[in-house]
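Comments concern the structure below.
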Amino acid sequence: MTEKVLDEMERKQIPVLIGRAPEFYGPGKTQSFTNALIVDRLKAGEKPRVPVRDDRLRTLIWTPDASRGLARLGNTPDAFGQTWHLPCCDERLTYAQFAALACEVFGKDISYSVIGKWALIAAGLVSSGAREMRELLPRYEHDNLFDSTKFKQRFPDFAVTTYRAGLETIWREWKNAQASR
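Add 365 to a position in the sequence shown, counting from 1, and you land on the number used in our numbering.
See the structure below:
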């Protein structure tokens, strides 16, 4: 399927653009490994978990930024026929730093545990979520940095959400939901 789309894009037979994104995190019911292992665990009063290595640099995308970025591209005629990296925060945090920031924002002691590669492989035998993550393990063994410079140069007015601002939004949303119960 991918090859067909790329072929059509090259022949300019159909209007196509490709928007790529790294792993994401976000508000509401965002489902991602980062939300499940860090954010959702903090909401539950549990210690966050980091997959495989905590010393590797990660780029994460805030889901509302991904949505707004795709919408901007889709409404920009000259964006078609190209591949774009959706807009991401330029901070280069390790998972240790992201987990620490999340703990700080949630008012918790900075503490997390690293789930080793072999533990995730074993968990994949009985858990579909762990099995899904197991397929992505190579991403967590190395730095995984995403460069969205092209997007930012084309759309300099696009405001990208910082990790702190994103986590603070999640925290406020969670606190408001708790207060209304």
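The beta carbon of each residue, even a glycine, is placed where N, CA and C say it ideally should be.
- Listed in chain order, the alpha helix (DSSP H) elements of length 4 or more contained wholly in the segment 455-501 are 460-470, 482-488, 493-499.
- Its chain contains L466, A467, V470 as the residues whose beta carbon lies nearer than 7 Å to that of L532, once the 5 sequence neighbours on both sides are disregarded; these appear in chain order.
- Under the three-state reduction of DSSP, P416 is assigned to strand.
- Rounded to whole angstroms, the Cβ separation of K473 and L425 is 19 Å, and the two are not in contact under 8 Å.
- Within the model, the alpha-carbon separation for Q543 versus R376 is close to 53 Å.
- Under the three-state reduction of DSSP output, F445 falls in the coil class, being neither helix nor strand.
- R529 is the residue among R529, F520, V491 whose C-alpha sits nearest the C-alpha of V404.
- G434 sits in a helix when the DSSP states are folded into three classes.
- With a cutoff of 8 Å on beta-carbon distance, E456 and T527 are scored as near each other.
- The residues K408, in chain order, have a CB closer than 6 Å to that of W539 in the same chain once the five nearest residues on each side in sequence are set aside.
- Going by DSSP, G393 is part of no alpha helix (DSSP H) at all; its letter is neither H nor E.
- Sixteen is the threshold: when 16 or more other Cβ atoms of the shown chains lie within 10 Å of the Cβ of I535, as they do, the residue is buried.
- A buried status is given to T428, since no fewer than 16 other beta-carbon atoms sit within 10 Å of its beta-carbon.
- In this structure, L382 and A444 form a Cβ contact; the two beta carbons are roughly 5 Å apart against a cut-off of 8 Å.
- Residue range 528-544 is occupied by the alpha helix (DSSP H) that includes I535.
- 8 Å or more divides the Cβ of R414 from the Cβ of S492.
- The Cβ neighbour count for L451, taken over all protein chains shown within 10 Å, is at least 16; the residue is labelled buried.
- Between Y460 and W449, the alpha-carbon positions lie close to 25 Å from each other.
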